[in-house]
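One structure is given here, and the rest of the page talks about it.
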Amino acid sequence: MIVFENVTFGYEPERAVVRKACFTLSPGLTLLLGPNGCGKSTLLKLAAGVERPEEGRILVGGAELWKHETKARQSLAYLPEFPDITPYASLRDVMHLVCRLRGEPVMAGDRALETFGLGGEAGRSIRELSLGQRKRALFAAAIVGHPAHVLLDEPFDALDRQIADDVLAWIRQRMADGAALAVVSHAIEPFANSATRALTVREGLVEQHETLPRSPEDRFHLLDSLARGVEV
35 MIVFENVTFG YEPERAVVRK ACFTLSPGLT LLLGPNGCGK STLLKLAAGV
85 ERPEEGRILV GGAELWKHET KARQSLAYLP EFPDITPYAS LRDVMHLVCR
135 LRGEPVMAGD RALETFGLGG EAGRSIRELS LGQRKRALFA AAIVGHPAHV
185 LLDEPFDALD RQIADDVLAW IRQRMADGAA LAVVSHAIEP FANSATRALT
235 VREGLVEQHE TLPRSPEDRF HLLDSLARGV EV
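Each residue of the sequence shown is one higher than the one before, counting from 35 in this note's numbering.
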């Protein structure tokens, strides 16, 4: 689980994007929904330890993210919306670093690259890769070690249909294995039937929808309304 306890954060003084957020990302699939700019990606960045809260704390698997970083980050996989990776490192070096952080053998990184069709690109620097290849590289890093906490921001952008299908199958397998997943996506159709719960942010306040309708039509109507920022 990832637990937010009274978390406040803003990019500018006196303008909080998230205010006093208290919620839990439990096992299953949580959709973070809402219009652009409402704070969805910021929540993921906070959960991933990319941004640091001004107030409050975040626990990942019981470890406080900014006090026990090694333990907390070991089980985290984060896919940002824009695949900005250190440009001059080789893809192989990046994967081997991920393996060390997760306590996995370097062969696990090599296998992950092969899974996403990047085995032949391992020696190239990140800046030599296309946008789609960079996105696949991030997914290759995500699958190393079967992380228990998976954070995905617009996961299907720049992916071809076959890779997107493979990623969706991996997401469903992580759910079956009991992982906690949080996804930001404008395309909610691939996730509507699998979603466990939904969160949205309105004026800095996190709203939780812990129980989703069982009817596919009612469920999609609710998720679509939340994505559009419509009051429900």
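Beta carbons: idealized from backbone N, C-alpha and C, even for Gly. Quantities reported herein were computed from a predicted structural model and do not represent experimental measurements.
Among the candidates the options, whose CA atom is the shortest distance from the CA of residue i?
i           : options               : result
residue 183 : 101, 102 and 78       : 78
residue 106 : 115, 116, 112 and 95  : 95
residue 129 : 111, 262 and 221      : 111
residue 205 : 174, 192, 233 and 235 : 174
residue 113 : 176, 145 and 214      : 176
residue 168 : 180, 179, 185 and 190 : 190
residue 52  : 186, 257 and 233      : 233
residue 115 : 187, 82 and 85        : 187
residue 35  : 98, 170 and 198       : 98
residue 192 : 170, 200 and 210      : 170
residue 62  : 93, 163, 263 and 207  : 207
residue 109 : 125, 241 and 137      : 137
residue 155 : 179, 252, 139 and 124 : 124
residue 117 : 236, 237, 80 and 163  : 163
residue 49  : 72, 64, 203 and 58    : 72
At which residues does the beta strand (DSSP E) containing residue i begin and terminate?
i           : result
residue 257 : Taken as a continuous stretch (DSSP letters only), residue 257 belongs to no beta strand (DSSP E), being part of the alpha helix (DSSP H) at 250 to 262.
residue 241 : 239 to 243
residue 22  : The question about residue 22 has no answer, for the chain in this structure spans 35 to 266.
residue 49  : Premise fails: residue 49 is in no beta strand (DSSP E) and is neither H nor E.
residue 215 : 214 to 218
residue 106 : Taken as a continuous stretch (DSSP letters only), residue 106 belongs to no beta strand (DSSP E), being part of the alpha helix (DSSP H) at 103 to 108.
Kindly identify the DSSP beta-bridge partner or partners of residue i.
i           : result
residue 97  : 94
residue 190 : Residue 190 is not bridged to any residue.
residue 173 : Answer is none; residue 173 lacks a bridge partner.
I'd like the span of the alpha helix (DSSP H) that includes residue i, first residue to last.
i           : result
residue 200 : 195 to 210
residue 148 : 140 to 149
residue 132 : 125 to 136
residue 160 : Unbroken run through residue 160: none, as it is neither H nor E.
residue 231 : From DSSP, residue 231 is part of no alpha helix (DSSP H) but of the beta strand (DSSP E) over 231 to 236.
What do you get for residue i, buried or exposed, if any count of 16 or more other CB atoms within 10 angstroms of its CB means buried?
i           : result
residue 148 : exposed
residue 103 : exposed
residue 165 : exposed
residue 150 : buried
residue 239 : exposed
residue 60  : exposed
residue 74  : buried
residue 68  : buried
residue 139 : exposed
residue 133 : buried
residue 76  : buried
residue 120 : exposed
- Task: Say whether the segment 35 to 51 touches the segment 81 to 101, bearing in mind that this needs 3 or more beta-carbon pairs closer than 8 angstroms, one atom from each stretch.
- Result: For the pair of segments examined, the segment 35 to 51 was found to touch the segment 81 to 101: the number of CB pairs separated by less than 8 angstroms reaches three.
- Is there contact here, the segment 244 to 252 with the segment 208 to 218, by at least three beta-carbon pairs under 8 angstroms? Taking 8 angstroms as the limit for Cβ pairs, the verdict is that the segment 208 to 218 does not touch the segment 244 to 252.
- Between the segment 220 to 229 and the segment 247 to 266, do three or more beta carbon pairs fall short of 8 angstroms? The segment 220 to 229 and the segment 247 to 266 touch, with no fewer than 3 CB-CB distances between them shorter than 8 angstroms.
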